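Worksheet: one structure, shown below.
Protein chains in written order, with the UniProt record's numbering: chain A, 1 to 277; chain B, 1 to 225.
Here it is, written out as structure tokens:
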């Protein structure tokens, strides 16, 4: 009986401590003030090599991360005051709307539907939908796509574009691009399709260097913008200024070279800022 | 408010129909394989009992996503198993791989529900059947299982409802069912909550009548002892 009492107490202590830690998770809410001792919350992707990737030791690397860090720097935040938050594609509008993040730099294409929910600054990068193929093969003509077996991520803009433009092409829709790479490596699919920036990131990964190459087709234009909450015009103008400064200073090109260089990917020069009032 | 619901652009009913098809095929397959597993677990042959026990305990405790992704990544993308298609239509291929995964997983729950039903049949009946000279298969199929099935309709209804909702996992390997369409719509229309609400409602429309109907069936067929 004594033993049972002791274990009951132990169980309730455990439950309480779990509940307490669950509540404690959200304590590091950042303010949107003008720097100083505050922190700033920035939404990025955690799973896109080259753009935004969380490494096993908790560091963040990628082009989006560099842009976010630069913008935060211009807004008056030191790198250690930036609090990176994961913003999966489907949650981005909600996160901005609810104020979970101050701005989002996460391969966020500017579209009219999205502009009804959030405001954009930028664009800071222009990507094209492209194919990643096995090194040594080639797809020179977009018409050949109809005969290929392709792979992309389900629910992504690229997958939707492709099935609209090339209804004849076979398309596997998987959960992540890495899963597509298995098929590409084993020959069960011919190409992986999405924005060339994301593809270049995968091709430049250490374990993939030399295995895959970009086909170099420009199937669409995706203008990546920085998402800000609706109506934050002041913040948007500040971010636009920061992007311009980053491009002028050369930090933009430096980051492109660092993250996409190994894939032999020639990114287009920085686009004109269009998202002004 | 419902302006995102462009039915010409998004095949909402087609997607839910795929969900229904996934559920029906997987349910039939799981019922058959689950019954076979339950027979193995109560059989007098030690090897079969050991296989049944090991199968149920391993697969029941493996996350469903893992099983479905393993079917796609392992069977097709690595080993090139095309599941009796010619491999040119990714959608029907993914559909079949998903059905296989659901059967492999759901049959363990069917098996355990059925085994609990077998335990409700009094031992005396099996003993009497054996005294009459029936073999193991005859005892099971003629005496025990008919009564067992009638007592496990409610737990099987639970399994079926869980299966209906589990079919959303097939979206991870690209089966064009409700959850994949939902992801697509959220990505393009940027309206998370209303879209999610529409799909949640769709699943209630599917599962609620299933539950009510099987509840009624269970009352009709219950063994009154």
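In this text, a Cβ means the ideal position worked out from N, Cα and C, and glycines have one as well. In this text the structure is predicted, and so the values were computed from the model without any measurement.
Query	Result
On the criterion of 16 or more Cβ atoms from any shown chain inside 10 Å, does residue 95(B) qualify as buried, or is it exposed?	buried
Is the CB of residue 259(A) under 8 Å away from at least one CB in chain B?	no
What span of residues does the beta strand (DSSP E) with residue 199(A) cover, start to end?	Looking at the DSSP string, residue 199(A) is not in any beta strand (DSSP E); the run it does join, the alpha helix (DSSP H), is 196 to 203.
Can you pull the chain A residues whose beta carbon is under 8 Å from the beta carbon of residue 77(B), in chain order?	179, 182, 183, 186, 188 and 189
Could you please give the first and the last residue of the uninterrupted beta strand (DSSP E) stretch that includes residue 176(B)?	No beta strand (DSSP E) holds residue 176(B); DSSP gives it neither H nor E.
If I measure Cβ to Cβ from residue 154(A) and keep anything under 8 Å in the same chain, skipping five residues before and after, which residues do I get?	173, 174 and 175
Whole angstroms are fine: how far does the CA of residue 191(B) sit from the CA of residue 210(A)?	40 Å
Following the continuous beta strand (DSSP E) through residue 214(A), name the residue where it begins and the one where it ends.	212 to 214
Mind checking who residue 193(A) pairs with in its DSSP beta bridge?	131(A)
May I have the straight-line CA-CA distance separating residue 102(A) from residue 246(A), to the nearest angstrom?	19 Å
Give the residues from the region 169 to 200 of chain B that approach chain A closer than 7 Å (Cβ to any Cβ), ordered along the chain.	171, 172, 173, 174, 180, 183, 184, 186, 187, 188, 189, 190 and 192
Identify whether residue 123(A) lies in helix, strand or coil by the three-state DSSP scheme.	strand
Excluding five sequence neighbours on each side, which residues of the same chain lie with their C-beta closer than 6 Å to the C-beta of residue 155(B)?	113
Can you check which of these residues, 220(B), 160(B) and 212(B), is closest to residue 26(B) by C-alpha distance?	160(B)
Using a Cβ-Cβ cut-off of 8 Å (strictly less than) and excluding sequence neighbours within five positions of residue 279(A), which residues of its own chain qualify?	One cannot answer for residue 279(A) here, as it falls past the ends of chain A, which runs 1 to 277.
Rounded to a whole number of angstroms, what is the C-alpha to C-alpha distance between residue 132(A) and residue 67(A)?	25 Å
Between the C-alpha atoms of residue 28(B) and residue 170(B), what's the straight-line distance to the nearest angstrom?	17 Å
Determine which residues of the region 211 to 233 of chain A have a Cβ less than 7 Å from any Cβ of chain B, and write them out in chain order.	none
Answer yes or no: does any C-beta atom of chain B fall closer than 8 Å to that of residue 89(A)?	yes
Return the residues of the region 58 to 74 of chain B that lie within a Cβ-Cβ distance of less than 8 Å from chain A, sorted by chain order.	69, 72 and 73
Please identify, using Cβ separations under 7 Å, the residues of the region 154 to 172 of chain A that lie next to chain B, in order along the chain.	154, 155, 156, 157, 160, 170, 171 and 172
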